[in-house]
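Colleague:
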């Protein structure tokens, strides 16, 4: 399925100092299957040592369930729902070391 729609996207990123970098992203979709969907994300990274970094962030998402959760057709039944928007708050943080090693902890709340 193709999701056609109009929306706006924005992001900002930068280094606060040599040790700290931050990033923020916003997506809002006006029309289409994902109409009135909002995603907001903020993250930061701290690199106190050359081989060690700490990272964390927060993400908020408010959107309608995807196509197959709302409409499903098969040989045996038809599923049609008018489900409300789902909100998700997600907080994550962790440590990274070396080139590709990391430990991440995530907490998500669905509403």
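In our numbering, the protein residues as written are 1122 to 1232. Just so it is clear, CB atoms sit at the ideal spot from N, CA and C, and this is done for glycine as well.
(1) Straight-line CA distance for residue 1131 to residue 1225?
(2) With contact counted as at least three CB pairs below 8 Å, one residue from each stretch, are the region 1136-1143 and the region 1164-1174 in contact?
(3) Buried or exposed: where does residue 1122 fall if 16 or more other Cβ atoms within 10 Å of its Cβ makes it buried?
(4) From which residue to which residue does the beta strand (DSSP E) around residue 1206 run?
(5) What residues are listed by DSSP as bridge partners for residue 1231?
(6) With respect to the beta strand (DSSP E) encompassing residue 1145, which residues constitute its N-terminal and C-terminal limits?
(7) Less than 8 Å between the CB atoms is what I'm expecting for residue 1183 and residue 1205, so what's the real figure, rounded?
(8) Pick out whichever of 1125, 1147, 1173, 1135 has its Cα sitting closest to the Cα of residue 1220.
Modeller: Inspection of the coordinates gives the following:
(1) In this structure, the CA atom of residue 1131 is about 26 Å from the CA atom of residue 1225.
(2) With the rule of 3 Cβ pairs closer than 8 Å, the region 1136-1143 counts as touching the region 1164-1174.
(3) Residue placement at residue 1122 is poorly supported in this model, since its pLDDT is 49, which falls under 50; the coordinates still yield a value, given next. Flag for residue 1122 reads exposed.
(4) Annotation for residue 1206: no beta strand (DSSP E) segment contains it, and DSSP assigns it neither H nor E.
(5) DSSP lists 1209 as partners of residue 1231.
(6) Its beta strand (DSSP E) spans residues 1141-1150.
(7) Their Cβ separation, rounded to whole angstroms, is 10 Å, which puts residue 1183 and residue 1205 out of contact at 8 Å.
(8) Of the listed residues, the one whose Cα sits closest to residue 1220 is 1173.
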